[in-house]
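Which chain is which? The protein sequence lines are A and B, in order. Here the first sequence stands for residues 1 to 270, numbered as in this note's numbering. Here the second sequence stands for residues 1 to 320, numbered as in this note's numbering. Here the structure comes first, spelled out in structure tokens, and everything after it is commentary.
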Amino acid sequence: MSTATLTHPTPAAPLSDVRRRPFADSKVFIGRSIKHSLRSIDAMMTALALPLIILLMFVYVFGGAIQGDGRYIDYVVPGIILLAAGFGSAETSVTVATDMTTGVIDRFRSLPVAAASVLVGHVTATVLRNLVSSVLVLGLALALGFRPHAGVLGWLGVVGVLALFMSAIAWLAATFGLLAKSAEGAAAFGFIVMFLPYVSSAFVPPATMPGFLRPIAEHQPVTPVIETLRGLMMGTPIGSVWITALAWCIGGIVLGVAASSLLFGRRTAH
Amino acid sequence: MTYTIEASGLTKSFGDTVVLDRVDLRIRAGEIFALLGPNGAGKTTTVNILSTLLRADGGEVAVAGFDLATQPLQVRSAISLTGQYAAVDEVLTGRENLVMMARLRHLPKDRVRRRADELLDQFDLGDAADRRAVTYSGGMRRRLDLAMSLVTVPVVLFLDEPTNGLDPRSRREVWDAVTTLAGSGVTVLLTTQYLEEADQLADRIAVLAGGRIVDEGTAAELKSRIGSETLVLAFDTVALAHRAAALLAMPGEPALAVDETAVTVGIPTDGSAGTVLRTLTSLSAAGVPAARVDMHTPTLDEVFLHLTDTTTPSTLERTA
Numbered sequence: 001m002s003t004a005t006l007t008h009p010t011p012a013a014p015l016s017d018v019r020r021r022p023f024a025d026s027k028v029f030i031g032r033s034i035k036h037s038l039r040s041i042d043a044m045m046t047a048l049a050l051p052l053i054i055l056l057m058f059v060y061v062f063g064g065a066i067q068g069d070g071r072y073i074d075y076v077v078p079g080i081i082l083l084a085a086g087f088g089s090a091e092t093s094v095t096v097a098t099d100m101t102t103g104v105i106d107r108f109r110s111l112p113v114a115a116a117s118v119l120v121g122h123v124t125a126t127v128l129r130n131l132v133s134s135v136l137v138l139g140l141a142l143a144l145g146f147r148p149h150a151g152v153l154g155w156l157g158v159v160g161v162l163a164l165f166m167s168a169i170a171w172l173a174a175t176f177g178l179l180a181k182s183a184e185g186a187a188a189f190g191f192i193v194m195f196l197p198y199v200s201s202a203f204v205p206p207a208t209m210p211g212f213l214r215p216i217a218e219h220q221p222v223t224p225v226i227e228t229l230r231g232l233m234m235g236t237p238i239g240s241v242w243i244t245a246l247a248w249c250i251g252g253i254v255l256g257v258a259a260s261s262l263l264f265g266r267r268t269a270h
Numbered sequence: 001m002t003y004t005i006e007a008s009g010l011t012k013s014f015g016d017t018v019v020l021d022r023v024d025l026r027i028r029a030g031e032i033f034a035l036l037g038p039n040g041a042g043k044t045t046t047v048n049i050l051s052t053l054l055r056a057d058g059g060e061v062a063v064a065g066f067d068l069a070t071q072p073l074q075v076r077s078a079i080s081l082t083g084q085y086a087a088v089d090e091v092l093t094g095r096e097n098l099v100m101m102a103r104l105r106h107l108p109k110d111r112v113r114r115r116a117d118e119l120l121d122q123f124d125l126g127d128a129a130d131r132r133a134v135t136y137s138g139g140m141r142r143r144l145d146l147a148m149s150l151v152t153v154p155v156v157l158f159l160d161e162p163t164n165g166l167d168p169r170s171r172r173e174v175w176d177a178v179t180t181l182a183g184s185g186v187t188v189l190l191t192t193q194y195l196e197e198a199d200q201l202a203d204r205i206a207v208l209a210g211g212r213i214v215d216e217g218t219a220a221e222l223k224s225r226i227g228s229e230t231l232v233l234a235f236d237t238v239a240l241a242h243r244a245a246a247l248l249a250m251p252g253e254p255a256l257a258v259d260e261t262a263v264t265v266g267i268p269t270d271g272s273a274g275t276v277l278r279t280l281t282s283l284s285a286a287g288v289p290a291a292r293v294d295m296h297t298p299t300l301d302e303v304f305l306h307l308t309d310t311t312t313p314s315t316l317e318r319t320a
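Written out as structure tokens, the structure is:
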């Protein structure tokens, strides 16, 4: 231990003039969460390797059986991107739950910062990580013969819809992570999100499903998002389905932000 | 402002369990104040309430002159919390932890890196600065923890069991750090289970048991109230022990209690060699020689028993 006396840095602001600085604080937490992502082998594998493996599986293993003409790849790539975006974003439940069990959260909560900016950090890092993952999937898909027909505006739309979808899943996952008692429990959220795309139009048209599944497949949130993505990528008409897609995403974000902010303020680590 | 922390009638329950029962605290500026108590006494709950992490059910609290209930943001600007478990981000390096804290404390941009370097140096973490905190030893982690609490020097520093789980050497390092802080005018509220720790560090000690402050004062004041050391004499037979107990009783007082299982008698003493010698000689002269001798210093458990169980006259001195 150094015996040097402690220096007194000038306080950043007089105590009577304390202001929240949500943007500056969020920036710090985004940086923190990105570092966490980059240093977590688990998160990197889920974000980067798993989607590529799933893409290869669907194209080479199931593809021939589902659609023999070799163009299944054009149908399935938007679905794979969405599936990966979904379970990649659902990881937020685990990172948030893990974080909540550490003492560092109590330290953050005792600081004059907007508490939920910690969550903004987690969600933003998740979205960025998964956008990178989407680009990788797309790159591999192009190499395998995927032929999209989107223009610049179409691609911007794709990025926008994906980012909204990822944010919605990530905020809901954060809520789940705050509710869960442990990181293991929080992982359950991933299963729900992982399962949804299978009962949607992501891999096969709902028309091919049995009667009792069809209404579920057609009206669950993933289907309008996937139809919008597919329309944007393949240049096919979208109709009004994008409105439903945006409504689901924005609804999810609003619900997730509200619920997780409330829960974050109430929960202590111990 | 007379007191840096002023709490009156602080109450908190979790469900049906009353954790804090009308706790009053008055802590002066620059004072090191220890909240001493066993597990479950309400120490951490008190710290969590005072540091805005938990809401009290009742009572009025001012920290650094700000009302806890209506000005939590101001309170948070004035305090630093070092929780019971080292509150460092294990994924980040020591330096990254400090830089993060400096930015969250809104230090000017050009000060952030410099402040991190200063603290790494002061807390002897320079060599480990760029290693992830997960690789740190318990003592290093605690030092980083303290450094993170001092990125800006707070008005009040809360230390919740700062040496919990540390080896003796690391404990000494943390004690040194806290003592250094005392010179800088920071008010420190620390909690501990160890009488020795409170004794070493604190100007004043409050004993918390069952959610109530049962005693308060300087270490010397508390010790004098807690009771003296006990000379424990073991005998070969229970009969001998009973004879000794009768012989050693004060004139007019009943015989001292005999522990028949251990075959011992406990005699309150000042612990001096002279007293021990006189006691042994007188017993020997009376034909009741003691077989073995032991000195017994009250343990913290006994202290709490003593302080919380004031209705029964001092069981402490009679049992060994």
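Don't be surprised by glycine CBs; every beta carbon is placed ideally from N, CA and C. Computed from a predicted model, the values in this text were never measured in an experiment.
query = Is A:F203 near A:V118, with beta carbons less than 8 Å apart?
reply = no
query = Taking the alpha carbon of A:V159 as the point to measure from, which residue in A:Y198, A:R230 and A:S182 has its own alpha carbon closest?
reply = A:R230
message = I need the DSSP call for B:V178, collapsed to helix, strand or coil.
response = helix
key: Inter-residue spacing [alpha-carbon to alpha-carbon] between B:R115 and A:F29   = 19 Å
query = Can you list the alpha helix (DSSP H) stretches of 4 or more residues lying completely in the stretch 147-223 of chain B, in chain order?
reply = 168-182 and 195-201
query = So which residues on chain B does A:P112 lean against when the C-beta distance must stay under 7 Å?
reply = L73, R76 and S77
query = Cα separation between B:G211 and B:V23?
reply = 7 Å
ask   = Beta-carbon of A:G190 versus every beta-carbon of chain B: anything under 8 Å?
value = no
task = Decide if the stretch 123-142 of chain A is in contact with the stretch 50-61 of chain A; the criterion is three or more beta carbon pairs, one per stretch, under 8 Å apart.
result = yes
The alpha helix (DSSP H) enclosing B:V276, as first and last residue numbers = A273 to A285
task = Might you give, ordered along the chain, the residues of its own chain that have their beta carbon closer than 6 Å to the beta carbon of B:L120, omitting 5 neighbours on each side?
result = G126 and A129
ask   = Name the DSSP bridge partner or partners of A:G239?
value = Beta-bridge pairing links A:G239 to no other residue.
request  = From the DSSP output, read off the bridge partner residues of B:G266.
outcome  = B:V232
Cβ contact (3+ pairs, closer than 8 Å) linking the stretch 179-197 of chain B and the stretch 159-167 of chain B = yes
ask   = Tell me which same chain residues have a C-beta within less than 7 Å of the C-beta of B:R76, skipping the five on either side of it?
value = T52
inquiry  = Taking CB distances under 8 Å as the criterion, tell me whether A:T124 reaches chain B.
reply    = no
request  = Go to A:V28, then tell me how far its alpha helix (DSSP H) extends in each direction, as first and last residue.
outcome  = P22 to R39
query = Given 8 Å as the limit, is there contact between the stretch 76-86 of chain A and the stretch 187-199 of chain A, that is, 3 or more CB pairs closer than that?
reply = yes
inquiry  = Please confirm whether B:D167 has its beta-carbon closer than 8 Å to some beta-carbon of chain A.
reply    = no
message = If you measure between the beta carbons of A:F191 and A:A173, is that distance less than 8 Å?
response = no
ask   = What residues from chain A crowd round B:A86, counting only those whose CB sits closer than 7 Å?
value = G103
N-terminal and C-terminal residue of the alpha helix (DSSP H) that B:M295 is part of = Per DSSP, B:M295 belongs to no alpha helix (DSSP H); it is in the beta strand (DSSP E), R292 to H296.
task = Output yes if chain B places a C-beta closer than 8 Å to the C-beta of A:V96; else output no.
result = no
ask   = Roughly how far, in whole angstroms, is the beta-carbon of B:G274 from the beta-carbon of B:V232, given that I think they are within contact range, below 8 Å?
value = So it is not a contact: roughly 18 Å between Cβ atoms.
query = Could you give the residue range of the alpha helix (DSSP H) that holds A:E184?
reply = A183 to A186
Under 9 Å by beta carbon: chain B residues contacting A:A24 = R103, L104 and H106
task = Output the distance between the C-alpha atoms of B:L20 and B:I205, rounded to the nearest integer angstrom.
result = 17 Å
query = My guess is that B:L98 and B:M148 are in contact by the Cβ rule of under 8 Å, so how many angstroms apart are they, rounded?
reply = 6 Å
query = By Cβ distance, which residues of its chain are closer than 8 Å to A:Q220, with the 5 residues on each side in sequence left out?
reply = L196, V199 and S200
ask   = Which residues does DSSP pair with A:I54 in a beta bridge?
value = Partner(s): none; A:I54 has no beta bridge.
task = For chain A, find out if any of its Cβ atoms is closer than 8 Å to the Cβ of B:D21; answer yes or no.
result = no
request  = Step through the CB atoms of chain B and report whether any lies within less than 8 Å of the CB of A:R39.
outcome  = yes
task = Using three-state DSSP, classify B:G58 as helix, strand or coil.
result = strand
task = Kindly say whether A:P11, judged by its beta-carbon, lies nearer than 8 Å to any beta-carbon of chain B.
result = Note on A:P11: pLDDT 42, under 50, position unreliable in the model; the coordinate value appears next. Yes, contact with chain B.
inquiry  = If I measure Cβ to Cβ from A:T175 and keep anything under 7 Å in the same chain, skipping five residues before and after, which residues do I get?
reply    = G256, A259, S260 and L263
message = I need the DSSP call for B:T17, collapsed to helix, strand or coil.
response = strand
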